[in-house]
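Residue numbers (our numbering), protein chains in the order written: chain A, 2 to 339; chain B, 2 to 339.
What follows is a set of notes on a single structure, which appears directly below.
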């Protein structure tokens with residue numbers, strides 16, 4: 002529970018954040034990340050101010066040039082007059098290391114703290130799950146009036162798929178060669194990608210990589226037809242064939258084209274009334290994560306604090322029942338669904 | 002659910018395992034690891050045959066000589082006429098790579114498959130959690146009439162602490178130097194250790210490492226007194242001050258002394274009636290893991306399959322309510338505890 006004093010402090014931080022105070026934003030982010038009660042209080046308070054930012058998820062293996070690409074994207078967005086917020090979930094990223102660390106980033110130029118706000122999540126063992134924490138941080142940055150929010154992750158695991166349910170556009174970066182790297186993330190890659198970037202386009206094998214991805218997309222379209230039910234786990238846009246763009250994030254080659262693909266995708270979402278569908282997937286997943294965490298807390302309290310549980314454990318020790326049977330009994334007795 | 006056919010197949014595997022067929026043991030282990038319904042069925046069936054093995058947990062950082070120490074322990078136990086089962090949870094371990102892989106291990110000598118059975122858990126993303134899977138594998142190896150079961154893990158994270166709730170004796174290996182390595186695992190180290198091994202005893206700083214551990218133990222005894230409630234999260238033996246033994250796993254120096262410390266600890270557990278206390282901690286934790294997983298499944302079914310949930314998600318999209326408030330409403334409406 003949060004004390005009245007703390008509520009007042011949080012309310013004041015929210016006002017300051019809304020007025021553009023980035024230090025207040027940083028403190029709210031820390032609270033949201035580390036304290037689930039505070040997160041619930043803060044999200045309730047700021048929820049009405051969210052929904053204005055355009056959220057872009059970016060993933061790629063270490064060495065794919067992801068950070069350079071993000072640097073270049075930041076430049077483009079800032080030059081277009083946008084405020085940019087970044088959540089770096091990748092622990093290997095040069096963006097990692099704490100809040101407001103403009104100086105630690107290998108940026109090509111310095112941005113004003115009012116234009117670019119970077120938040121790193123160093124600790125992947127976040128309370129209530131990495132996805133929960135990331136999605137709440139994005140909401141805070143959204144309420145802090147950022148126009149664009151970039152979520153940087155590494156690879157495509159279960160958490161990343163959940164995270165990308167918050168993104169409007171999800172970008173996956175691959176590079177020529179490294180067949181194995183695609184193999185490794187293949188399982189999830191087709192379910193989440195809206196735009197493929199083949200970075201380091203001047204390396205040998207760039208066109209081959211494009212061809213590889215195209216044939217994976219061909220295969221995937223067949224799969225889609227035969228699995229009408231999979232829309233629940235798929236975060237990429239239905240009916241949109243992900244375009245593939247070759248870039249060089251260092252020289253900036255094709256970056257403008259890449260940015261206009263993001264705009265094209267946004268336009269597609271709006272014109273095909275898919276924004277609401279995105280929101281449905283996103284909020285269903287968020288509610289699921291919150292409920293899972295709340296139930297974990299409830300079950301821990303039951304097992305460790307309810308003295309009635311002792312007699313169940315004693316039955317296991319006496320070998321009258323095994324742990325699975327006892328778990329079923331406890332479930333039936335103490336937890337009712339429906 | 003498991004079909005009647007599969008039940009028959011499993012029943013037959015259990016009979017074969019009980020008759021000493023190690024291939025049947027391997028197949029049961031795979032089922033238990035990868036299929037929760039099968040795990041529940043198998044554990045129910047074999048539970049009456051468990052409780053005879055002595056379970057030893059061993060953890061240490063990569064490079065601490067853990068594998069050499071385990072090799073040497075296996076030799077000693079086999080020479081004493083024991084059957085040994087090993088569950089290797091450490092993905093960096095030379096023991097890793099699949100079942101029955103005697104040939105892949107850098108063992109000093111070859112053991113009969115009837116004497117030593119090694120099972121590696123390559124995939125840490127186990128269904129229902131790593132700790133759940135590990136503890137169930139240990140039960141199968143126990144029912145397969147192994148006298149000693151070694152659980153090898155790396156480091157001391159949350160999963161490892163849960164895993165060691167299954168062990169009678171937990172051994173932590175450290176080496177001279179590497180102050181940081183102790184720092185890194187310090188948070189959990191005092192809560193789980195029954196015996197400290199300072200391996201590579203001939204390296205400079207071995208005595209200093211022993212002194213360091215002794216002073217940590219002194220501090221810890223004070224902590225213990227002031228925290229009567231912490232017995233629930235602590236897996237090491239109450240009232241037992243962990244001895245510290247210097248070893249050289251390569252030359253075998255002090256290994257006999259180390260083995261007799263394990264025997265001394267076992268004797269302490271029995272003479273002080275702490276075996277039952279160990280079991281209470283262990284089964285409470287197992288029931289907790291099973292319930293958490295079952296509830297996760299139930300909540301996923303609720304959120305993705307119950308059409309009533311749509312109206313809740315719609316309220317979030319319409320900005321009438323935020324995800325936290327809606328989660329609370331769903332919790333109140335659909336899940337009743339107590």
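Note that CB positions come from ideal geometry on N, CA and C, so glycine has one too.
Could you tell me whether the region 6-18 of chain A touches the region 33-51 of chain A, where touching means 3 or more Cβ pairs closer than 8 Å? yes
Kindly indicate which residue of A/27, A/283, A/296, A/165 has the alpha-carbon position closest to the one of residue 336 of chain A. A/296
If you draw a straight line from the alpha carbon of residue 178 of chain B to that of residue 149 of chain B, how long is it in whole angstroms? 31 Å
Within chain E, the residues that residue 339 of chain A reaches when beta carbons sit closer than 8 Å: No chain E is part of this structure, whose protein chains are labelled A and B.
What separation, rounded to the nearest whole angstrom, lies between the Cα atoms of residue 116 of chain B and residue 89 of chain B? 17 Å
Between B/269, B/212, B/202, which has its C-alpha nearest residue 195 of chain B's C-alpha? B/269
Assuming contact is defined by CB atoms lying nearer than 9 Å, are residue 238 of chain A and residue 279 of chain A in contact in what I supplied? yes
Any idea which residues DSSP pairs residue 121 of chain A with across the strands? A/89
Nearest to residue 330 of chain B by CA position, among B/314, B/318, B/339, is which residue? B/314
Count Cβ pairs between the region 289-304 of chain B and the region 293-309 of chain A that sit closer than 8 Å; are there 3 or more? yes
Tell me where the beta strand (DSSP E) around residue 247 of chain A begins and ends. 245-247
Contact set between residue 285 of chain A and chain B, taken where Cβ atoms lie within less than 8 Å: 304, 305, 310, 314
I'd like the ranges of any beta strand (DSSP E) spanning at least 3 consecutive residues and lying wholly in the region 159-219 of chain B. 170-175, 196-199
DSSP on residue 338 of chain B, reduced to helix/strand/coil? strand
For residue 254 of chain A, does the three-state DSSP call read helix, strand or coil? strand
Partners in chain B for residue 34 of chain A, counting only beta-carbon separations shorter than 8 Å: Ordered by position in chain B, no residue passes the 8 Å Cβ test against residue 34 of chain A, which lies about 15 Å from the chain.
Sorted by chain position, which residues of the same chain lie with C-beta nearer than 6 Å to residue 211 of chain B's C-beta, five sequence neighbours on each side aside? 199, 245
Beta-carbon within less than 7 Å of residue 132 of chain B's beta-carbon, same chain only, minus the 5 sequence neighbours each way: which residues are those? 160, 163, 164, 290
Taking 9 Å as the cut-off, decide whether the C-beta atoms of residue 66 of chain B and residue 176 of chain B are in contact. yes
State the DSSP-derived secondary structure class of residue 51 of chain B, mapped to helix, strand or coil. coil
Whole angstroms are fine: how far does the CA of residue 134 of chain B sit from the CA of residue 33 of chain B? 7 Å
Tell me, please, whether the CB atom of residue 130 of chain B is closer than 9 Å to any CB atom in chain A? no
Is there at least one Cβ from chain A nearer than 9 Å to residue 212 of chain B's Cβ? no
Please tell me whether residue 265 of chain A has its Cβ less than 9 Å away from any Cβ of chain B. no
Is there a Cβ from chain A that is less than 9 Å from the Cβ of residue 9 of chain B? no
If you measure from the beta carbon of residue 297 of chain B to each beta carbon in chain A, is any gap under 9 Å? yes
Within 9 Å of any Cβ in chain A, is that where the Cβ of residue 325 of chain B sits? yes
For residue 66 of chain A, name the three-state secondary structure that DSSP assigns. coil
Reference residue 197 of chain B; option with closest CA among B/36, B/276, B/256: B/256
For a cutoff of 9 Å on Cβ pairs, would you count residue 301 of chain B as touching chain A? yes
In the DSSP assignment, find the unbroken alpha helix (DSSP H) run with residue 300 of chain A in it and report its ends. 276-306
Which one of A/144, A/216, A/241 has the shortest CA to CA distance from residue 55 of chain A? A/144
Nearest to residue 64 of chain B (by Cα), restricted to the options B/301, B/174, B/22: B/174
Tell me whether residue 153 of chain B sits in a helix, a strand or coil according to DSSP, three-state version. strand
Top-ranked residue by Cα proximity to residue 326 of chain A, from B/319, B/325, B/287, B/316: B/287
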